[in-house]
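In the numbering used here, the protein residues as written are 395 to 890.
A virtual CB, placed ideally from N, CA and C, is assigned to each residue, including glycine.
Report on the following structure.
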C-alpha cells in the first residue's frame, strides 16, 4: 500500500536515503532543536510536494497532481492558486526580488515569473533543459539558481539572467557523483550546497561552485532537505513519516513529527523549509497538508489585511481612523493585523454634510470594523443646501410717535439655527423709504442662536406722507455652506 502511494505521489518528485557519516566535517556540536507543533495548512491542497517561502513571508506549495501552485499568507491563510501553466509544476523557489521559479515536469524546464506571475523567461535553453527538475534552490549571496536534474544525475547552476553557469555531477557512486539527485538546499552562511543523492543513500555537500566537500548518509528513506541558521540539517523521511535533524557532522540530534494523520503528524512527507520566523514547514502529501512546527524561539506571524476608505458625493470631508493609519484626506488606506478593531470617524467640510457609510459600515454614526480580511468602506459627503432657520420678533417699539424728530432706540430680537454646516454670519440692514437713513452691522448670537440688537431710528416723517414713514429692518443669516436666510420687520412713523 505504502509503496503504491509513494510511486503515485513521487513519480514527479523523489525518495532519497540519508546515512552514516562518510567524510567528517569536524565542527563544534550544536544543541538539538526544540520543536513545537503550531498549525496545519490544508485549504485547497491535494498532493503538496515542494514548498518555498517568498521574501514577503508568503508560502508557496506545488500541487503537481492538480497542475497548480497554491499561495498562502505567512499565517497560513489561503490567498490564491496559480494555474494554467500548460505544464506540471513540481519544484519551486523564490529569489530576493520575489521572482518565482517553477520546475515543470511536463516541458522539462524551469519557468521564471515575476512576483505578479508575469512570465519572464526559462532557464538555459528552455524546454528540454532538464530530464526532471526535481528541486530548486537560490543562493542569497550570489543570486545563482541551483537545480537538481534528477534523471541526468547532475546539478545545474544558472546565473541570475538564466544563462548556464556550470553543471556538475555524473552517474556513479564516487565523491561528487549522483544516482538520481533530488532535494537541494543552500547554506549561504557556510557557503555550502546540500544535495540528496537518492540511490547512493547519502546527502552530499559542495561549495557554491560545485566542488565536493563531504557526504553524510544513513539507512533511512528521506525526501526534502533544509538547513537552519545554526547549520542543523533537517531531512524528511517519507517512509517513516518524520523529519530527522542532524548536525553538520552527520550526528542525529532529534526528530520532528511522527507517522500518521492526526494533529501534527505526517503521512508521506515530501519537503521541508525553514522560514524567517524559525518555523519548519513540512509538506505531507498523503494527508494533503502542510504541517508547521516552531523551532526553538520561533515567532508566530499574524495576517495583515488592508482597510481602504473611498469618498463619494459632491461634498467633501475627511475620514480618520483609530488606531492611527488613515487620514483621508491624504492617506485613504492602511494595513492592520487580523483581530484589530478599527474605528472610523467622518467629518464634513464647512460646505458639506456627511451622508453616511457604505461597504463594511452603514448608517451615519461611527464606523467600527473588526479586521478579519481586506475591507473597503465608502464615506459619502453631500453639498449642504439647507439654509438657516430664522425667526424675527416684532421690534420694540414698532411705532415711533410723536413724529417730532427725536432719535428712538429700537430693539430687534429673534433666533437663528443651522443644524447642518453651522452658522457663519448674521447681519442686519435698515432701509428707509426716504433714502435718508442707511445702517448695517453684525449681529451677535447666543449659544442657542437667540439674538437682540438695537438700531437708532429718527421719529420724523414728511408732512405730505399720508401713510407715514416706514423703516424696514432686514436680518440675513449665512451658514458655512453659504446658504442664506433673510427676514424683515417694519417700524413705522405714522401720520397724525
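- The beta-carbon separation of residue 488 and residue 527, rounded to 15 Å, does not stay under the 8 Å limit for a contact.
- Taking residue 497 as reference, the option from 524, 491, 451 and 593 with the minimal CA-CA separation is 524.
- Residue 724 carries a coil assignment under DSSP once its states are collapsed to helix, strand and coil.
- The residues 872, 873 and 874, in chain order, have a CB closer than 7 Å to that of residue 818 in the same chain once the five nearest residues on each side in sequence are set aside.
- A distance of 8 Å or more separates the beta carbons of residue 742 and residue 767.
- Nearest in C-alpha terms to residue 747, of all of 740, 452, 775 and 731, is 775.
- Judged by DSSP in its simplified three-state form, residue 789 adopts coil rather than helix or strand.
- Assigned with DSSP and collapsed to three states, residue 857 falls in coil, not helix or strand.
- In the DSSP assignment, the residues bridged to residue 638 are 629 and 649.
- Burial check for residue 842: the Cβ neighbour count within 10 Å stays below 16, so the residue is exposed.
- Exposure of residue 723 is indicated by the presence of fewer than 16 other C-beta atoms within 10 angstroms of its C-beta.
- Assigned with DSSP and collapsed to three states, residue 464 falls in strand.
- Residue state for residue 762 is assigned as strand, using DSSP reduced to three classes.
- Per the DSSP secondary-structure output, residue 516 pairs in a beta bridge with 505.
- Going by beta carbons, residue 455 and residue 677 fall inside the 8 Å limit.
- Residue state for residue 441 is assigned as coil, using DSSP reduced to three classes.
- Judged by beta-carbon spacing, residue 696 lies beyond the 8 Å limit of residue 490, meaning their Cβ atoms are not closer than that value.
- Its Cα nearest to that of residue 478, the residue 460 stands out among 745, 460, 715 and 834.
- In this chain, residue 830 is not harboured by any beta strand (DSSP E), its DSSP state being neither H nor E.
- In this structure, the beta-carbon distance from residue 632 to residue 663 falls below 8 Å.
- Residue burial is scored here from C-beta neighbours: residue 830 has fewer than 16 other C-beta atoms within 10 angstroms and is therefore classed as exposed.
- The beta carbon of residue 716 sits closer than 6 Å to the beta carbons of 737 from its chain, once the five residues preceding and following it are set aside; these are given in chain order.
- Assigned with DSSP and collapsed to three states, residue 740 falls in strand.
- The distance from the Cβ of residue 635 to that of residue 685 is about 10 Å, inconsistent with a contact at the 8 Å cut-off.
- Residue 808 has 786 and 845 as its beta-bridge partners, per DSSP.
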